[in-house]
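Undergrad: Okay, so the sequence shown: first residue is 3 according to our numbering, each after it adds one.
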Amino acid sequence: MIRPLFRSLTLAGKLSLASFSTPVLALRTYTDYRTRFVPIQTTTSGSAYNNNMVAATGPTAVPALTAVPTAANAPNTGGPAAAVPAERIQIVVVGAHLSGLPLNWQLTERNAELVKTTRTYPGKYRLYAFDGLTPPKPGLIEVLPSKQPEGEEWSTIEVEVWEMDVAKFGSFVKLIPPPLTMGHIRLEDGSLLHGFRSDEFSVQQLQGRDVTKFGGWRGYMAEKEGESTQLAAVSRM
Numbered sequence: 003m004i005r006p007l008f009r010s011l012t013l014a015g016k017l018s019l020a021s022f023s024t025p026v027l028a029l030r031t032y033t034d035y036r037t038r039f040v041p042i043q044t045t046t047s048g049s050a051y052n053n054n055m056v057a058a059t060g061p062t063a064v065p066a067l068t069a070v071p072t073a074a075n076a077p078n079t080g081g082p083a084a085a086v087p088a089e090r091i092q093i094v095v096v097g098a099h100l101s102g103l104p105l106n107w108q109l110t111e112r113n114a115e116l117v118k119t120t121r122t123y124p125g126k127y128r129l130y131a132f133d134g135l136t137p138p139k140p141g142l143i144e145v146l147p148s149k150q151p152e153g154e155e156w157s158t159i160e161v162e163v164w165e166m167d168v169a170k171f172g173s174f175v176k177l178i179p180p181p182l183t184m185g186h187i188r189l190e191d192g193s194l195l196h197g198f199r200s201d202e203f204s205v206q207q208l209q210g211r212d213v214t215k216f217g218g219w220r221g222y223m224a225e226k227e228g229e230s231t232q233l234a235a236v237s238r239m
């Protein structure tokens, strides 16, 4: 077996290195075209070492050292940064915040948008009116289907779904007074969203009136307005 002849790598017959004392890699080439990197120690002085030197001896060439582009060294094109869409949240509105009703402005001033009008999951909720509040508001209570009155086992309540930026949600919730609170409401399509809720204790304490049979707050308000009109007509007789 013929032992490969060793030759030191040179650059135009000379090797010039910068002044440093840390180990660096030197390239040795062999006549059988294999290459190996071996550490050497140098204390020579001279001009700054150039990372872009290219050394070539015979058929073997050493490519220049090139920086790999990364997020840290990527060139700045000077263009505007891409806008990041704001995170959104959907809210189920049950009563006074419905479109056109007294508290709807609390949504619109936060640039909330109406997504759809829909209904609650069948047989899951009862709606109670708190007429003593200003303005009057309803309370949505979750119950078991077995607790629904006979004939109303699969009743549903009309609601609206609104959407707003998450960044504005906190200031909106801050405006909600007792006996209302923000909880979760399941809709007729099975989805579960944040929405206005109340509780049985508040219903008893404020003597809430069960208005589920009207199918929603608008239906109850229309019925109530009709009753007021009738009473006014009777009083004028």
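Beta carbons: idealized from backbone N, C-alpha and C, even for Gly.
When we look at the beta-carbon of Phe203 and count the other beta-carbons within 10 Å, is it buried (16 or more) or exposed?
TA: If you number the sequence shown from 1, residue 203 lands on position 201. Its Cβ having fewer than 16 others within 10 Å, Phe203 is exposed.
Undergrad: Can you find at least 3 beta carbon pairs, one from the stretch 122-132 and one from the stretch 148-161, that sit closer than 8 angstroms?
TA: yes
Undergrad: Measuring straight from C-alpha to C-alpha, what distance separates Thr214 and Tyr130?
TA: Counting from 1 along the sequence shown, the entry for residue 214 is found at position 212. Counting from 1 along the sequence shown, the entry for residue 130 is found at position 128. When rounded, the distance between both Cα atoms is 7 angstroms.
Undergrad: Verify whether the separation of the beta carbon atoms of Gly141 and Leu189 is less than 8 angstroms.
TA: For this step, residue 141 is matched to residue 139 along the sequence shown. For this step, residue 189 is matched to residue 187 along the sequence shown. Against a cut-off of 8 angstroms, the Cβ pair of Leu189 and Gly141 comes out as no contact.
Undergrad: Give the range of the beta strand (DSSP E) segment to which Leu194 is assigned.
TA: Working through the sequence shown from its first residue, we reach residue 194 at position 192. Here the beta strand (DSSP E) through Leu194 covers 194-199.
Undergrad: Measuring alpha carbon to alpha carbon, tell me which residue in Gly134, Phe216, Met184 is nearest His196.
TA: On the sequence shown, position 194 is the one that residue 196 refers to. Per the Cα distances, Met184.
Undergrad: Would you mind working out which of Gln108, Thr136, Val96 sits nearest Gly172, comparing C-alpha positions?
TA: One-based indexing of the sequence shown puts residue 172 at position 170. It is Gln108 whose Cα lies nearest to the Cα of Gly172.
Undergrad: Might you give, ordered along the chain, the residues of its own chain that have their beta carbon closer than 6 angstroms to the beta carbon of Asn52, omitting 5 neighbours on each side?
TA: By one-based count along the sequence shown, residue 52 stands at place 50. Low confidence applies to Asn52: its pLDDT is 45, below 50, so where it sits in the model is not reliable enough to give any reading.
Undergrad: Using a Cβ-Cβ cut-off of 8 angstroms (strictly less than) and excluding sequence neighbours within five positions of Ser101, which residues of its own chain qualify?
TA: Within the sequence shown, numbered from 1, the residue matching residue 101 stands at position 99. Leu116, Glu162.
Undergrad: Please state whether the Cβ-Cβ distance between Trp219 and Gly134 is less than 8 angstroms.
TA: Locating residue 219 in the sequence shown gives position 217, counting from the first residue. Locating residue 134 in the sequence shown gives position 132, counting from the first residue. No.
Undergrad: Under a three-way DSSP split, which group does Thr110 fall into?
TA: Here residue 110 corresponds to residue number 108 of the sequence shown, with the count starting at 1. Thr110: helix per DSSP, three-state reduction.
Undergrad: Straight-line CA distance for Met223 to Thr136?
TA: Against the sequence shown, residue 223 aligns to sequence position 221. Against the sequence shown, residue 136 aligns to sequence position 134. If I take the Cα positions, the gap works out to 14 angstroms.
Undergrad: Is the shortest distance between the beta-carbon of Glu227 and the beta-carbons of chain D less than 8 angstroms?
TA: As a matter of chain content, chain D is missing from the structure shown, which is built from one protein chain.
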